[in-house]
């Protein structure tokens, strides 16, 4: 029934300016439709919204976004190019890498977090860090298994006077680092606005031949003998993991006239050792926000445990 | 989940004594590129293994082209790793590393039938890396634990599952109790080493 509560809150928020209704009233009417008349929840909501539109003498267009969209928990976003409404807190704002981007950062709700991007051309009001918003009509985007939402010209932004306890969707994996995958080490990313795709032989799959920007990353496999996890280390964590900075990596590649020496050097220092990695799950990857190399093992405890098996 | 990449095979933890007994290999499907599994005597299939031990000897055993053999010793026995032109990184690692060294090996089980009908089991390495003593000790603990878990499941008809049944059928002469004992004594040795080392810790490299 948590779904109905969510629907009720949505609908209530859409009409709270126009009509004197409470969330409980909305919920009750939804429950009648769903439980007594066996109407699917989405259909019940649509019909109720129509009802309220009549009552308030409004057109559907006047509704703050979300008229027809599904509202999704951020952690449930798993489809590319899906139009959605979200209710989320602006957890962090980042420095936009390009002039076309007006704002970029992290949105969070109870289920987890997701990256968002707003473009200059959309001419939207600025979001404030720490504030909670209802964002109507955003569209999802996928890149290498990582999802984000894009705000656009049709996105409605409504600031909500409520607090969201942002959920922690991070996982922890532990095991031996058994493989470093292709596309690791010193890489080049597309400099086109909002792109950041990794170049293959100097080419971006979207923008063709471009002058790339250097970056460091490691795509690794952590294996505990029972399960495998793919883990991505970004520039910062790659530097911590390998002790090789981006500048040093560039020098190494320059000396060797080959970028692959960087990954080779990194492999020698991390392959075959044990790590514990923590971070959010993005598609099939765990993004390594924190990690530690596992040191000496407690053999006495292991022996006691082993004797009990 | 459409279009998802084929799942990567997990790297099993197994001591040399059990690994070298895993002479039976099989595929789960008729497809040409289907993965090949070695059947571990304790009732698990292994398409990949992760091994940490002491590289004690390396030798180029190739006739026409380089073919490197490495002996990797764990508390229970010796793994044989072979790397040739199709494993250039592992081959150059074996060429250049001066034994003895602790190494970790990620690789695939391979079997080879000798002229007198014996089956030798070896590792075809995907990577070989020099590691420290902590990593080696952690591997011994982990591998002992996993082995004991497999043996416990093996003895339990219910939990053992299809690979335990397959192992009973394919390896009628092997006794999983041997692997249980080997795993326990590996742990006990490690524990004794540590206790002995404690009063005067060695400077580590």
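Protein chains in written order, with the working numbering: chain A, 250 to 558; chain B, 3 to 207.
From the three backbone atoms N, C-alpha and C, an ideal C-beta is built for every residue, glycine too.
Keep in mind the model is a prediction, meaning the values are calculated, not measured.
Exercise. Quick one: is residue 487 of chain A buried, meaning 16 or more other Cβ sit within 10 Å of its Cβ, or exposed?
Worked result: buried
Problem set entry | Touch test, the stretch 532 to 546 of chain A against the stretch 78 to 85 of chain B, Cβ-Cβ under 8 Å, three pairs minimum | no
Exercise. Per DSSP, residue 85 of chain B forms a beta bridge with which residues?
Worked result: B/70
Exercise. Skipping 5 residues on each side, what residues in its chain have a beta carbon closer than 7 Å to that of residue 254 of chain A?
Worked result: 276
Exercise. Is the beta carbon of residue 363 of chain A less than 9 Å from the beta carbon of residue 409 of chain A?
Worked result: no
Exercise. Under 9 Å between the Cβ atoms of residue 25 of chain B and residue 113 of chain B?
Worked result: Residue 113 of chain B sits close to residue 25 of chain B, with the two beta carbons spaced by under 9 Å.
For this session: Using a Cβ-Cβ cut-off of less than 9 Å, list which residues of the stretch 502 to 533 of chain A approach chain B; keep chain order.
Result: 513, 516, 517, 518, 519, 520, 521, 522, 523 and 533
Exercise. Grouping DSSP H, G and I as helix and E and B as strand, with all else coil, what is residue 180 of chain B?
Worked result: helix
Exercise. Between A/478, A/530, A/319 and A/458, which lies nearest to residue 419 of chain A when the distance is taken from Cα to Cα?
Worked result: A/530
Problem set entry | residue 430 of chain A (DSSP reduced to helix, strand or coil) | coil
Exercise. So which residues of chain A does residue 148 of chain B contact, with C-beta pairs closer than 7 Å?
Worked result: 474
Exercise. Nearest to residue 172 of chain B by CA position, among B/44, B/10, B/89 and B/67, is which residue?
Worked result: B/44
Exercise. Where does residue 275 of chain A fall in DSSP's three states?
Worked result: Looking at residue 275 of chain A - three-state DSSP - the assignment turns out to be helix.
Exercise. According to the Cβ coordinates, are residue 20 of chain B and residue 165 of chain B closer than 9 Å?
Worked result: no
Exercise. In whole angstroms, what is the alpha-carbon distance linking residue 394 of chain A and residue 347 of chain A?
Worked result: 22 Å
For this session: Spell out whether any CB of chain A is found under 9 Å from the CB atom of residue 177 of chain B.
Result: no
For this session: Identify, in the order they occur along the chain, each residue of the same chain with its Cβ nearer than 6 Å to the Cβ of residue 209 of chain B, setting aside the five sequence neighbours on each side.
Result: Look at the range of chain B in this structure, 3 to 207, and you will see that residue 209 of chain B is not part of it.
Problem set entry | C-alpha gap between residue 187 of chain B and residue 127 of chain B, whole angstroms | Residue 187 of chain B and residue 127 of chain B: Cα-Cα distance of roughly 27 Å.
Problem set entry | Proximity test, residue 124 of chain B beta-carbon vs the ligand GTP heavy atom, cut-off 8 Å | No copy of the ligand GTP appears in this structure; indeed no ligand is present at all.
Problem set entry | Residue closest to residue 352 of chain A, alpha-carbon to alpha-carbon, out of A/320, A/388 and A/399 | For residue 352 of chain A, the nearest C-alpha among the options comes from A/399.
Exercise. Which whole-angstrom value is the C-beta distance of residue 511 of chain A and residue 501 of chain A, which I expect to be below 8 Å?
Worked result: 6 Å
Problem set entry | Close Cβ partners of residue 424 of chain A (< 6 Å) along its chain, the five nearest in sequence each way excluded | 471, 472 and 473
Exercise. Under the rule that 16 or more other beta-carbon atoms within 10 Å means buried, what is residue 314 of chain A, buried or exposed?
Worked result: In this prediction, residue 314 of chain A scores a pLDDT of 46, lower than 50, which makes its location untrustworthy; no coordinate-derived value is stated.
Exercise. Just the Cα atoms here: how many angstroms apart are residue 350 of chain A and residue 480 of chain A?
Worked result: Taking the straight line from one Cα to the other gives about 28 Å.
Exercise. By the 10 Å Cβ neighbour count, where 16 or more other Cβ atoms means buried, how is residue 403 of chain A classified, buried or exposed?
Worked result: exposed
Exercise. For the alpha helix (DSSP H) that contains residue 147 of chain B, what are its first and last residues?
Worked result: If you look at residue 147 of chain B, you'll find it in the alpha helix (DSSP H) that goes 135 to 157.
Problem set entry | Closer than 7 Å at the beta carbon, the chain A residues around residue 14 of chain B | 474
For this session: For the stretch 452 to 539 of chain A, list the beta strand (DSSP E) runs that are entirely contained and at least 3 residues long, ordered along the chain.
Result: 462 to 472, 477 to 482, 523 to 531 and 534 to 536
Problem set entry | Residue-chain proximity (residue 85 of chain B, chain A), Cβ-Cβ < 9 Å | At a cut-off of 9 Å between beta-carbon atoms, residue 85 of chain B makes no contact with chain A.
Problem set entry | CB contact below 9 Å: residue 447 of chain A versus chain B | no
Exercise. Would a check of beta-carbon distances place residue 556 of chain A closer than 9 Å to chain B?
Worked result: yes
For this session: Step through the CB atoms of chain A and report whether any lies within less than 9 Å of the CB of residue 164 of chain B.
Result: no
Exercise. Nearest CA to the CA of residue 104 of chain B: which residue from B/153, B/132 and B/178?
Worked result: B/132
Exercise. Alpha helix (DSSP H) containing residue 266 of chain A: first to last residue?
Worked result: Careful: residue 266 of chain A lies outside any alpha helix (DSSP H) and carries neither H nor E.
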